Structure formats: C-alpha cells, structure tokens
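Below: one structure, written as structure tokens.
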Amino acid sequence: MDTASVSVIIPYSRADLIETVLEKLSQQTYPADLTEIIIVGQPGKTVEEQWSTHTVNAASNMYPGQKRNQGARIARGDYLLFLDNDCEPAPDWIAQNVLELQNPQIGAVGGQIKGKSNAFFARCLDFSSFAFCQNSQRSEMQLCSASLGVRRQIYKEVGGFNETLRVCEDIDFCYRLVQLGYRTVYQPAIKVKHNHRRDSFKVLMAYSYFLDAHPAYTSSFYIPP
Numbered sequence: 187m188d189t190a191s192v193s194v195i196i197p198y199s200r201a202d203l204i205e206t207v208l209e210k211l212s213q214q215t216y217p218a219d220l221t222e223i224i225i226v227g228q229p230g231k232t233v234e235e236q237w238s239t240h241t242v243n244a245a246s247n248m249y250p251g252q253k254r255n256q257g258a259r260i261a262r263g264d265y266l267l268f269l270d271n272d273c274e275p276a277p278d279w280i281a282q283n284v285l286e287l288q289n290p291q292i293g294a295v296g297g298q299i300k301g302k303s304n305a306f307f308a309r310c311l312d313f314s315s316f317a318f319c320q321n322s323q324r325s326e327m328q329l330c331s332a333s334l335g336v337r338r339q340i341y342k343e344v345g346g347f348n349e350t351l352r353v354c355e356d357i358d359f360c361y362r363l364v365q366l367g368y369r370t371v372y373q374p375a376i377k378v379k380h381n382h383r384r385d386s387f388k389v390l391m392a393y394s395y396f397l398d399a400h401p402a403y404t405s406s407f408y409i410p411p
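So the working numbering is basically just the index in the sequence shown, starting at one, shifted up by 186.
Below is the structure:
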C-alpha cells in the first residue's frame, strides 16, 4: 500500500449530516497522520475544533465545483478525495481510493454509491439517478463526484472542476480527463452510503425537475474510447 498523503475535501451544506461523515472518516484504516480533512463551507467553529478539520469559508449558494476547487487550492495531499457531506464512507474508503489511483494511467476513480434508506421513493431516486454507480463490476465510465479520487498533479493538469456548471461538473471533469488520455474508473470496492433523504414523492419530483432543467445532465454521458 502506498503511504502517500491524502486530502479529503467535503463541500458542506447539511449541518445535521456532517458529523456522521466525520465520524466515519475517523474510523478509516488508512493512517490518520497521512490524512487531512477539508470542509468547504460554514460548518461552525465547534465542528473544526472537535474533529481537527480545516475549514474554507464559502457562501452557501456556491456551485459544488467551486467549493471543491476552493478546498483543492489549500490541500496538501498527494491524493485529493472528494466526498459529499451526505455520503458515509466505508472504513477502507481512503485505502481503496489510494490503491486504485496508484495506476498512473488512471486519471480519476469513483466508488459505489448506495442509498442508505430503503424507503420506496428513496430507492426510486437511487435507481433513476445513481444506478450507474451501484453495480458490482469495475469498469471505465463517467464518475459521480459524491465519491471521487484523483492525484493532485492530474487535478492540476486538467484544471480542476468547471465552476460555471451547477450540475454535471463531475461528468465534465471526467470528459476532460479522457481527452487528455487518462482513464476514469468505477471501482465498486470503494463504498459509501448515500443519505440523500429524498424519500417522498414530492422531494423526488422536485429533484428530478431540477436535473431536467439542466440539459447537460442527460447529454453529457459518454463512453470512454
């Protein structure tokens, strides 16, 4: 196993979920002294003090790509691991990311993102919006930034995330990596539980119409050459 340093970058938006995510990160099998955690947003001083994290202040209305780039600018790790604050990583989440990223041909790696709730409408969302990152077969494909790892030098080479995109900045990121000759790999051994809490018909429809309002969501999927 590589013993390189890792920066976990979390765009913050949900106060009631962040501490659960940080608790899971504190239980990682990867060496804690090689790991830094960067929260981008305004989680409050208590979170930073209790969990030994770095905080980058960011306005709540900033796009996810903007927040991820802000965190990456101060990151010191050899690997940048992006994690949404509603995703609970498995104990070997960091280790599995690092293991896959040791291959120099891989530009980015994504993981299996399974819904935490078994409620009917929550499962509807899991399959309608995240089915491509719930199977059990390793493959080359577009990745979801809810769990996405990249080597820092490659992140810089590709220029980070497109800050003008409100959605699909992860698909755009993967597309540009492929254009540079890198592979983007879905690795189901990298696992998170997605606590999205979209478990009612009303919330599911609001989320679906939000995505439909952005044509890039349906037009940007691609198959790497």
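The C-beta atom is built at its ideal place from N, Cα and C for all residues, glycine as well.
A quick note: this is a predicted structure, and the numbers were derived from the prediction, not measured.
- Message: Assuming the contact rule is C-beta atoms closer than 8 Å, Thr215 and Pro277 should be a hit. Round their C-beta distance to whole Å, please.
- Response: The Cβ separation is near 5 Å, so the contact holds.
- Message: Quick check on Pro290: buried or exposed, where buried means 16 or more other Cβ atoms within 10 Å of its Cβ?
- Response: Pro290 should be labelled exposed.
- For Val344 versus Arg362, is the C-beta spacing smaller than 8 Å? Their beta carbons are under 8 Å apart, which means Val344 touches Arg362 by this criterion.
- Three-state class that DSSP yields for Gln228 in the structure shown: Residue state, collapsed to three classes: coil.
- Message: Looking at the strands, I want to know which residues DSSP matches up with Gln298.
- Response: In the DSSP assignment, Gln298 forms a beta bridge with Lys377.
- Message: So, with DSSP's three-state summary, where would you put Thr189?
- Response: In the structure shown, Thr189 falls within a coil segment according to DSSP collapsed to helix, strand and coil.
- Query: Taking buried to mean at least 16 other C-beta atoms within 10 Å of its own C-beta, is Ile260 buried or exposed?
  - Reply: Result: exposed.
- Anticipated Cβ contact below 8 Å, Gly296 with Cys319, distance rounded: At roughly 6 Å, the Cβ-Cβ gap stays under 8 Å, so Gly296 and Cys319 are in contact.
- Message: For Ser246 and Ala201, I'd like the C-alpha separation in whole angstroms.
- Response: Going by the C-alpha atoms only, they are around 12 Å apart.
- Query: When burial is assigned at 16 or more other CB atoms within 10 Å of the CB, is Ser405 buried or exposed?
  - Reply: Unreliable positioning characterises Ser405 in this predicted model, as indicated by a pLDDT of 38, which lies under 50. A coordinate reading is not provided.
- Query: Where does Pro229 land, buried or exposed, given buried means 16+ other C-beta within 10 angstroms?
  - Reply: The residue in question, Pro229, is buried, as its Cβ has 16 or more Cβ neighbours within 10 Å.
- Message: At 4 residues or longer, what runs of the alpha helix (DSSP H) sit wholly inside the segment 231-265?
- Response: Here the runs fully enclosed are 231-237 and 250-260.
- Residues in its own chain within less than 7 Å of Gly263 by CB, not counting five upstream and five downstream? The answer, listed in chain order, is Ser191, Val192, Ser193, Glu222 and Arg338.
- Under the three-state DSSP convention, the category Ser405 falls into: Note on Ser405: pLDDT 38, under 50, position unreliable in the model; no value is reported.
- Residues in its own chain within less than 7 Å of Ser333 by CB, not counting five upstream and five downstream? Cβ within range, chain order: Leu269, Cys273, Gly296, Gly297, Ile299, Ile376 and Val378.
- CA-to-CA distance, Gln323 to Ile204, given in whole angstroms: Each residue's Cα considered, the two are about 29 Å apart.
- Query: Around the C-beta of Asn271, are 16 or more other C-beta atoms found within 10 angstroms, so that it is buried, or is it exposed?
  - Reply: Asn271 counts as buried, since at least 16 other C-beta atoms from the protein chains shown sit within 10 angstroms of its C-beta.
- By Cβ distance, which residues of its chain are closer than 6 Å to Ala244, with the 5 residues on each side in sequence left out? In the same chain as Ala244, and ignoring 5 residues on each side of it, the C-beta atoms closer than 6 Å to its own belong to Val226, Gly227, Lys253 and Gln256, in chain order.
- Measuring alpha carbon to alpha carbon, tell me which of Gln365, Met391, Lys342 and Val371 ends up nearest Ala294. Between Ala294 and the set Gln365, Met391, Lys342 and Val371, the nearest pair of CA atoms involves Val371.
- Item | Where the beta strand (DSSP E) containing Cys273 begins and where it ends | Boundaries of the beta strand (DSSP E) around Cys273: Cys273 to Pro275.
- With DSSP collapsed to three states, give me the class of Arg362. Three-state DSSP puts Arg362 in a helix.
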